[in-house]
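Trainee: Letter by letter, the sequence shown follows residues -23 to -1, 1 to 88 in mature numbering (1 follows the signal peptide of the UniProt record, and there is no 0).
Quick reminder that beta carbons are idealized off the backbone N, C-alpha and C, glycines included.
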Amino acid sequence: MRLHSTISAMLVGAALLGAPAIAATHSHADELASMRLERDPFAPVYIVTSRKTFDDIDHIARNGAARRDSTGAALVVSEIKAHQLSEVSEHIHQRELRCGGYFAFKSRKEA
């Protein structure tokens, strides 16, 4: 039984060591969110998502404009408020079972 406990402890340790790498994938959106929230939690933030993701968050995002990327994939540029960035991320984590899923910009033109 001691071997099983040792292996379990090693797996938990490895998972914890990997956590910063996972957290780093959110750094760009988190930085933008932090900067915007410091100034104004209701500041507009423009996000680019897949069409599917937008359809799932249309209760949060508004003023969606259809676009296509260089491969022809359907995208949407939409507007949320700075304080909603974490809500969008949480939704993607829960519904799409993944991290990321959007890019955030301070203007529609940049998006």
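Reducing DSSP to helix, strand and coil, say where residue 78 ends up.
Mentor: coil
Trainee: In the DSSP output, what is residue 24 paired with across the bridge?
Mentor: According to DSSP, which records beta bridges pairwise, residue 24 is partnered with 55 and 81.
Trainee: Which residues in the same chain have their Cβ closer than 7 Å to the Cβ of residue 78, if we skip the five residues on either side of it in sequence?
Mentor: 26, 30 and 69
Trainee: Is it the case that the Cβ atoms of residue 72 and residue 33 are separated by a distance below 8 Å?
Mentor: yes
Trainee: What do you reckon, are the CB atoms on residue 39 and residue 54 nearer than 8 Å?
Mentor: no
Trainee: Since I believe residue 52 is in contact with residue 22 (beta carbons under 8 Å), could you give me their beta-carbon distance rounded to a whole number of angstroms?
Mentor: Wrong, their Cβ atoms sit about 16 Å apart, outside the cutoff.
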